Amino acid sequence: MAEDWLGVETAVSAEEDEGQEDGERRHQQLLEAVSSLSGRKRRKLAERTEASVQVSEFNVSCKGAGEKLVLSELLQPIRPKSTLSSVKKELTRVKQKKAVELPLSKEEAKRVVREAAYVRTSKDVGKWQQVVLQNRRAEQLVFPLKQEIATVVPLEQVASAWKARTPLEQEIFGLLHKTQQPITDPLLTPEETASLQAMSLEEARQRRAELQKARVVQSYYEAKARREKKIKSKKYHRVLKKSKRRKALKEFELLHKSDPEAALARLEELEQLRMQERMSLKHQNKGKWARSRAIMAKYDLEARKAMQEQLAKNKELMQKVRVELPEEEPGDVPEEDLTSVTVPTIPAGASGANPWMLGKPSGPAEEPEVQEGLGDVAVPGAAESKEEMEEEEEEVSEEEALLQGFAQKRHARQQRAGSPEGHGADEMEAVSELPGDSPIHAVCAEEPASLGIEQPPQAQEEILLSEQLRRARTMEDVEALASEERVEEQEKPAAARAEERVRQQEEGRAGDRRAKKPPAKKIISLQAVLAGKCQEVQCPSLPVVVEEEEGGIDQRGVITEAFAGDDVVADFRREKRKAEQAGKPQPVNLVLPGWGEWGGTGLKPSAKKIKRFLLKPPPAPPRKDQHLPHVIVSEQRNIHAAAHQVSELPFPFERHQQFEQSIRTPVGPTWNTQRAFQKLTAPRVVTRAGHIIQPISAEDVPDVATAAGSGAKPALEIVPKGREQPFGRPRKRAR
Amino acid sequence: LNSVYLELHYVPWVSNVCITPTAVPRNYDPALHPFEVPREYTRALNATKLERVFAKPFLSSLDGHRDGVNCMAKHPKSLSTVLSGACDGEVKIWNLTKRQCIRTIQAHEGFVRGMCARFCGTSFFTVGDDKTVKQWKMESPEYGEEEEPIHTILGKTVYTGIDHHWKEAVFATCGHQVDIWDEQRTSPMCSLTWGFDSISSVKFNPIETYLLGSCASDRNIVLYDMRKSTPLKKVILNMRTNTLCWNPMEAFVFTAANEDYNLYTFDMRFLESPVTVHMDHVSAVLDVDYSPTGKEFVSASFDKSVRIFPVDKGHSREVYHTKRMQHVITVKWTSDNKYILCGSDEMNIRLWKANASEKLGVLAPREKAAMNYNQKLKEKFQYHPQIRRIAQHRHLPKSIFCQIKEQRIMREARRRKELNRRKHSKPGSMPFVSERKKHIVAVVK
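First to last, the protein sequences are chains A and B. So in our numbering, spot 511 of the first sequence is number 523, and the numbers just go up one at a time. So in our numbering, spot 423 of the second sequence is number 450, and the numbers just go up one at a time.
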């Protein structure tokens with residue numbers, strides 16, 4: 013401070029040094045400075061020593077008064093500084109500036125505010141653009157957009173509002189507390205939470221699905237069992253029982269191999285059963301049925317046989333069977349037997365040695381042997397075990413075949429019931445295609461064979477294999493034919509198929525002739541067909557089929573007779589030729605007789621003139637039916653149809669092809685599968701009855717928030733619409 | 028074919044093949060089902076005919092008011108409840124399932140000018156000619172309790188309309204100005220003015236809930252933003268707009284019912300010209316309401332008819348009228364998109380089906396499928412002359428029919444005159460003005 017002061021002093025002194033007063037003042041100041049050095053600061057009043065123009069009342073000496081003060085000088089530092097220069101510049105600029113403008117008028121100000129607000133609001137609202145476009149384009153919209161999920165109000169909320177007041181309630185609450193029952197939060201007891209954690213929702217779902225499936229399977233099984241139980245055919249049940257017995261036997265065998273002790277125990281059981289049987293009076297020819305048989309036995313071979321069988325069985329039952337000896341086994345195996353008898357007799361080795369014990373017997377390759385074996389079945393009392401085994405196996409195969417046959421029959425019946433017209437004919441055809449002695453088999457197939465000799469396999473399998481038998485030339489041939497025939501059958505209309513059938517039959521009868529024949533390409537003449545049929549009628553070897561055919565042909569014969577004179581095909585041809593002629597463009601005759609030459613009666617225009625004035629039209633475009641000999645296509649406009657036709661291309665379409673295509677595709681269930689039909693006819697807007705549809709909100713459309721940020725999105729961006737879903741739902745689900 | 032048949036027959040319970048026990052598997056070979064187009068055409072024709080046969084939209088009439096019905100309001104939470112206010116100041120609450128009036132309140136002296144329900148459905152507001160705004164409970168008072176409003180606000184001027192905010196406890200009234208009120212206060216939160224004329228209706232935007240639209244007697248439509256409490260833009264039309272209604276599915280679209288027999292659908296971002304001009308009425312359009320799906324709207328007119336317009340079409344798809352229905356003042360489309368309610372001069376409220384030939388009640392799945400199929404067929408063959416002819420046939424009372432004819436002649440004459448003028452003036456001096464631009468006078472920023 014002091015130095016500054018001194019500095020300033022020197023500067024001032026340098027500026028103005030003149031006169032004594034100066035010297036005096038200096039002296040004075042010096043004195044003061046010295047006195048101030050002494051420590052005690054004493055302020056001395058300045059003394060006014062002379063008169064002056066300007067008197068300052070604040071003891072300021074008015075030295076230098078009257079001189080002009082320059083603003084910039086004041087700012088002038090001792091040393092020039094860069095920062096201050098900028099301030100100086102600003103000051104000069106301020107000096108130059110003019111007066112501030114008046115504020116905007118109220119109206120104007122409001123307008124500006126409005127405009128700004130409008131721009132902003134438009135932008136805000138514009139974020140819905142995408143959603144709106146999407147909604148307008150959507151194939152289907154489902155309302156309400158917010159699919160409500162039924163929410164259960166948590167118990168705690170309900171409970172919290174309520175308090176125990178009466179003593180009883182308090183008591184109950186006390187109990188609840190004691191047993192750690194949750195009253196408020198958490199809702200679940202510890203055990204419950206544990207159980208919840210143990211099984212997740214997905215697991216539970218899976219579990220439920222499994223259970224459902226099991227239940228369904230069970231119900232199917234039950235239904236099947238019920239159905240089978242209902243079957244009245246005795247033969248079926250007999251065969252079924254037999255097959256069951258076989259199965260049990262096989263199981264036992266296995267058991268014998270794997271666990272001899274268990275097998276022994278089982279044997280014991282069986283022995284028990286047998287003993288019971290022995291005790292009972294069954295198979296003693298004392299029952300109602302047996303007595304009736306006894307009466308019938310005199311006349312009926314079959315009844316006698318049955319009786320004998322039973323007697324044999326009785327005998328056998330009365331015998332105590334030694335388990336160890338297989339040779340003891342009686343020859344005939346009675347059909348109404350329990351599983352007891354034959355079980356122990358089978359040696360383990362035998363089954364291994366016998367190839368018939370292995371594998372499924374019903375395979376087609378084994379058939380000849382089976383049929384051979386059938387002959388043996390008739391021979392009773394064959395004692396040898398090996399043969400016995402063989403026979404049994406054969407029987408097994410028989411049963412299998414029988415069961416198969418039943419299944420097939422059932423199948424066929426259902427099929428027939430399903431389509432009474434279309435498939436009935438085919439069915440008959442199948443029957444008719446049986447070779448040579450098929451009528452007998454047909455009978456066999458219908459009623460269970462009541463003869464002692466069982467020959468169902470043959471009869472049953474005949475239906476399946478009939479084709480094979482008929483076309484036994486070469487396998488390739490047959491296969492090719494089969495495939496071809498199918499294709500043909502698909503292509504041909506029903507009427508043509510009937511004709512084809514006739515031809516096939518003819519061929520089948522001829523035997524040697526080639527079975528396969530290329531399909532006729534020419535148009536089938538109705539008459540030719542009918543003639544063929546008539547010859548067909550006199551077929552003696554197919555009584556059943558012929559009968560069927562005869563009915564149809566008879567009628568047709570009547571028709572042919574009635575319209576014997578009508579040659580429909582020729583008529584049609586003539587008509588078509590006429591139509592073709594009429595459709596040809598006619599030459600225009602502009603010849604005027606008498607012009608430029610002599611006229612009069614009997615005079616003809618000259619050939620030259622005719623040539624000149626007969627205008628030949630350009631040839632007509634080829635007719636649409638030129639390659640369709642049995643069709644006449646008229647290309648003239650039909651006014652009756654025109655009343656129903658669209659005359660102008662409707663708006664959204666640009667070319668008539670588009671429009672036609674839109675019409676051509678059928679949407680009905682006649683032409684589309686159920687699912688396609690549902691998709692095609694899905695309504696544009698789906699609402700639910702009794703549901704309030706709220707206005708759309710930002711929560712419904714999660715992208716609105718994001719779209720707001722990116723306003724530069726293309727307005728017409730095509731969003732691939734997956735499966736006609738409304739925009740609202742799938743996204744919700746994704747969340 | 029046989030094998031296919033068998034296969035199908037024996038796998039009915041394969042999971043993705045859904046065959047009902049009665050359904051028989053079907054062969055879809057097109058060769059077996061020829062003539063698909065003619066057959067479908069016949070079906071479409073039959074469907075169209077049946078549609079017209081079954082088109083009986085009128086369901087019932089709710090009578091009980093002793094003066095013309097001036098305004099209506101939907102209950103936001105209950106489909107079966109609707110409120111109506113009459114010109115004698117009476118407010119009635121109706122049960123639509125019973126078709127009965129369940130409550131009557133003498134709310135105002137003079138007209139009930141406007142009413143609206145609170146978004147939660149617990150109370151509703153009415154404004155009347157007696158310069159009051161009243162809030163009422165939705166439930167009827169208990170036994171012995173007097174029928175009294177929860178709140179009454181006395182204003183200085185007459186209020187002509189009211190609308191409630193869709194989410195907050197705020198409502199807006201209009202009269203000399205648009206006032207926005209907090210429910211708890213007796214003075215408005217803010218008042219919005221732009222020019223000086225009576226405002227006939229104010230509506231909150233249901234999606235962007237801070238937006239308001241109003242229409243005033245000086246032929247203009249003004250939009251407001253509640254957040255900034257400022258008007259946004261004003262569009263002046265040739266004639267006065269009576270009401271406007273916002274599209275509940277498209278935030279920036281609203282439709283205005285005009286005195287010049289037309290309705291105008293605007294996009295609020297482009298007010299220079301309306302998106303669509305809907306013309307079919309033959310007298311002033313008094314009210315308009317959107318279907319909750321936002322695809323259609325219904326309009327009530329002074330010409331004693333109600334019309335339904337698709338949003339994007341210039342002409343109506345349906346016209347409803349009865350002999351006894353007079354000038355229709357107010358109309359509402361119910362929130363389940365099924366019914367239309369209209370209140371008219373002769374004191375009745377009428378209930379209509381929104382889809383004239385719709386079968387009411389629960390439909391069996393097969394019925395539903397058949398209905399969808401028929402609808403699709405009608406859509407597919409709609410351009411065929413006979414089908415179009417049948418589908419578009421509507422009956423009109425003679426008065427409306429004659430007016431339409433008259434107006435057609437007038438329009439034609441005007442068109443011809445313009446054509447002649449154009450022909451006889453300098454080319455380019457008479458520019459073509461599109462129908463949409465014709466009706467807009469100015470847009471004021």
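For every residue, glycine included, the Cβ atom is placed at its ideal position computed from N, Cα and C. Just so we're clear, the structure is a prediction, and the values are computed from it rather than from any experiment.
query, result
"Span of the alpha helix (DSSP H) around A/Ile622", "619-625"
"Contact between the region 168-175 of chain B and the region 193-201 of chain B (3+ Cβ pairs under 8 Å)", "no"
"C-alpha gap between B/Glu235 and B/Arg145, whole angstroms", "17 Å"
"Cβ pair B/Thr131, B/Glu117 closer than 8 Å", "yes"
"Same chain only: Cβ atoms within 6 Å of B/Phe81, ignoring 5 sequence neighbours per side", "Ser384"
"Cα-Cα separation between B/Met165 and B/Gly370, rounded to whole angstroms", "20 Å"
"Short Cβ contact (8 Å threshold) for A/Ala309 with A/Ala315", "yes"
"Residues of the region 276-305 of chain B whose Cβ lies closer than 7 Å to any Cβ of chain A, in chain order", "Met276, Glu277, Ala278, Phe279, Met295, Arg296"
"Any 3 or more C-beta pairs closer than 8 Å across the region 54-68 of chain B and the region 341-349 of chain B", "no"
"3-residue-minimum beta strand (DSSP E) runs that sit fully inside the region 73-119 of chain B, ordered along the chain", "85-90, 96-101, 108-113"
"Residues near A/Leu267 by beta carbon distance below 8 Å, same chain, minus five either side", "Ala274, Ala275, Arg278"
"Distance CB(A/Val154)-CB(A/Val698) smaller than 8 Å", "yes"
"Limits of the alpha helix (DSSP H) - the one that A/Gly186 falls within", "179-190"
"Counterpart residues of B/His191 in DSSP-defined beta bridges", "B/Phe198"
"is_contact[A/Asn749, chain B] using C-beta, thresh 8 Å", "Examination of residue 749 of chain A is not possible in this model, given that chain A is present from 13 through 747 alone."
"Touch test, the region 136-143 of chain B against the region 151-162 of chain B, Cβ-Cβ under 8 Å, three pairs minimum", "yes"
"8 Å Cβ cut-off: residues of chain A touching B/Val64", "Ile675, Arg676, Pro678"
"Integer-rounded CB distance, given that B/Leu86 should sit under 8 Å from B/Trp379", "6 Å"
"Contacts of B/Pro57 in chain A (Cβ-Cβ under 8 Å)", "Trp683"
"Local Cβ density within 10 Å of A/Gln322, reported as buried at 16 or more and exposed below that", "buried"
"9 Å Cβ cut-off: residues of chain B touching A/Ala694", "Asn399, Lys403"
"Same chain, Cβ closer than 7 Å to A/Lys596, neighbours up to 5 away in sequence not counted", "Ala632"
"Reference B/Asp209, options B/Gln162, B/Ser241, B/Gly240, closest by Cα", "B/Gln162"
"Beta-carbon proximity of B/Thr268 to B/Ala283, cut-off 8 Å", "yes"
"Identity of the residue in B/Ser88, B/Asn73, B/Pro57, B/Lys260 nearest B/Gln413 by Cα", "B/Asn73"
"Cutoff 8 Å: A/His668 Cβ touching any chain B Cβ", "no"
"C-alpha gap between B/Gly222 and B/Ser256, whole angstroms", "16 Å"
"Reference B/Lys296; option with closest CA among B/Gly95, B/Phe281, B/Asn399, B/Leu290", "In the sequence as presented, Lys is not what sits at residue 296 of chain B; that position holds Arg. Per the Cα distances, B/Phe281."
"Cβ contact check for the region 241-256 of chain B and the region 211-226 of chain B: 3 or more pairs under 8 Å", "yes"
"Contact set for A/Pro630: own chain, Cβ-Cβ below 7 Å, skip 5 residues either direction", "none"
"Of the residues A/Pro681, A/Glu660, A/Glu113, A/Gly680, the one placed nearest A/Glu672, counting alpha carbons only", "A/Glu660"
"Any chain A beta carbon closer than 8 Å to B/Gln204", "no"
"Residue from A/Gly35, A/Glu44, A/Ala701 whose Cα sits closest to the Cα of B/Val389", "A/Ala701"
"B/Arg474 in three-state terms, based on DSSP", "Not covered by the structure: residue 474 of chain B. The range shown for chain B is 28 to 472."
"Option in B/Leu264, B/Tyr317, B/Met266, B/Arg443 with minimal Cα separation from B/Asn364", "B/Tyr317"
"Sub-8 Å separation of A/Thr192 and A/Thr205 beta-carbons", "Note on identity: in this sequence residue 192 of chain A is Gln, with Thr being the wrong assignment. Result no, Cβ atoms of A/Gln192 and A/Thr205 do not sit closer than 8 Å."
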